[in-house]
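Shown next, in C-alpha cells, is the structure this report addresses.
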C-alpha cells in the first residue's frame, strides 16, 4: 500500500460496499503523536481513511492462512494456550463461560475451551464461577467456522501478572504440545506509573516477563509461536486521569485525550516488548481496534457523557450481572468488546480474513450481537491488523527501560 504526500491512505471503497459505516476514520501523524479526529456522521459512506507511517507494518506470522487452510498440512491440528487474566477470560457472563468445558485432549479440534485452572487451588484458584471459555472461546468458534482444527486452552488468573501466572503454572505454559501461546499482561503493568499512580505499573518488568515466558515456551518447543495480546485502554482509568468528575468543565476533552494516551502507552509497551525479545511471532493490536471502532462511531467511546446509541465496548452495568456488581464496570469487556478482541486475535494468529465470517457468524448470534454490528466489527478488526504498524506513538522513552514508580 502506497502513501501520498500527506501520509494518508484512502482504502478502496469497493471493500466496504456491504457495510454502511456512518463515519470516517482519520488518523494523522502529527509531531510523532497519533491524533484521532472524529468526523461527522456521514450516512452510507463506504470508504475509510487510515494513516500510513513511513515504516512498514510488522511481519505477521500466522499459524494458518486462507491459502493453506484446505491443504493437509495447513489444516493439521493446532494446540493454542491463552495466558492472562480477566481481560482474557472476560470476567462476566455470558463471555466468561462461553464455549467452556473442553476435554483438554481434542484430536480433531473443538469449539470448546479447556480451562487449565478449573478446580485448582492456591494461586490458580478461580475467583469467578468456571470453567472459563472467555475470549479464547470466541476464537475457538471462529476456527471451527473457518474450517481450522484448533484445540484451545486457557490459563488465566484474575488480576494477576504474567510473572505470577508463570510462577503458578509454568508446568502448563512451558509444554512441548503448544503450537502457539498468547500472552496478556495485567492491564496497568505495561503503562508507566506516571499515568496510573499504581504500584503495579512496571513496563520494564512486563518486558522481562515476556522474555522469560518466551524462552520457556521455546525451550519446550522451538517451533511454537508466541503472540502478545495488546488490550484496550480502560475508561475507568481515563476517568481518573481526567479528574474523576464527568460533570466538571472540560471533562470530555480531557477524558478523550486520556483514553488516547493510554491506548498509545499500551501500543508502545507491547511492541517494545516484542522488539526487545526478538522471537515474538506478532502482536494482536486489540487496543487499536477499539480506538478504530470509536473513531468510526461503531462504538461509543464515552460511557459517561456520550450521547451515542452505539454499543459500549466496556461491560458497564446490566439488570443481571454475573458476578454481581453494584456500579458500572468500565474496565472489563462487554460482549461487543470481547467479540472485537476475539476477531483481532483470530485475524492476527491465523491470517484468516475475519470479514469472511459474515453476518450469520455463530459466536455473535450466541452472545446477542446484531448481525449488522458483527460485520462492522469484523471489518474494523481486519483493517486494524492488516494496516497496523509497530512504530512508536508519542514515545519519549523506551517502555522496556521504565521501571516501577516512574
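In full-length UniProt numbering, the protein residues as written are 1 to 406.
In this text, a Cβ means the ideal position worked out from N, Cα and C, and glycines have one as well.
The way I'd put it, the region 227-239 does touch the region 257-264; three or more beta-carbon pairs between them come closer than 8 Å.
Given a length threshold of 3 residues, each whole run of the beta strand (DSSP E) inside the region 178-204 is given here in chain order: 180-183. Contact annotation: the region 369-388 does not touch the region 151-171, with fewer than three C-beta pairs closer than 8 Å. For residue 103, the number of other beta carbons within 10 angstroms of its own is below 16, and it is reported as exposed. Inside the region 269-348, DSSP marks whole alpha helix (DSSP H) runs of 4 or more residues at positions 286-295, from first to last along the chain. Secondary structure remark: continuous alpha helix (DSSP H) runs of at least 4 residues inside the region 99-178, in chain order: 134-145, 162-173.
Using a Cβ-Cβ distance cut-off of 8 Å, the region 149-161 and the region 109-118 are in contact, since at least three pairs of beta carbons, one from each stretch, lie closer than that value. For residue 219, the secondary structure class from DSSP, reduced to helix, strand or coil, is helix. Residue state for residue 229 is assigned as strand, using DSSP reduced to three classes.
The beta carbon of residue 395 is closer than 6 Å to those of 268 in its chain, skipping five residues each way along the sequence.
Your pair residue 383 and residue 292 checks out as a contact, with CB atoms roughly 7 Å apart and the cut at 8 Å. Inter-segment contact for the region 176-188 and the region 82-90 is present: three or more beta-carbon pairs are separated by less than 8 Å. When rounded, the separation of the alpha-carbon atoms in residue 241 and residue 177 is 43 Å.
Here residue 156 is buried: its Cβ has 16 or more other Cβ atoms, across all protein chains shown, within 10 Å. In the DSSP assignment, residue 377 falls outside any beta strand (DSSP E) and lies within the alpha helix (DSSP H) extending over 371-387.
The residues 145, 374, in chain order, have a CB closer than 7 Å to that of residue 361 in the same chain once the five nearest residues on each side in sequence are set aside. Contact annotation: residue 348 and residue 284 have beta-carbon atoms nearer than 8 Å. With 16 or more other Cβ atoms inside 10 Å of its own Cβ, residue 277 counts as buried. With contacts defined as CB atoms closer than 8 Å, residue 228 and residue 280 qualify as a contacting pair.
Here the alpha carbon of residue 133 sits roughly 35 Å from the alpha carbon of residue 252. Of the other Cβ atoms in all chains shown, 16 or more fall within 10 Å of the Cβ of residue 237; this residue is therefore buried. In the three-state reduction of the DSSP assignment, residue 83 falls in the strand class, which pools E and B. Rounded to whole angstroms, the separation of the alpha carbons of residue 212 and residue 399 is 17 Å. Among the bridge pairs identified by DSSP, residue 78 is matched with 150.
Considering only 120, 160, 89, 225, the residue with the shortest C-alpha distance to residue 139 is 89. Following the DSSP letters along the chain, one finds residue 366 inside the alpha helix (DSSP H) bounded by residues 362-367.
With a 10 Å radius around the Cβ and a threshold of 16 neighbouring Cβ atoms, residue 385 comes out buried. With respect to the C-alpha of residue 172, the residue from 207, 120, 190 having the closest C-alpha is 120.
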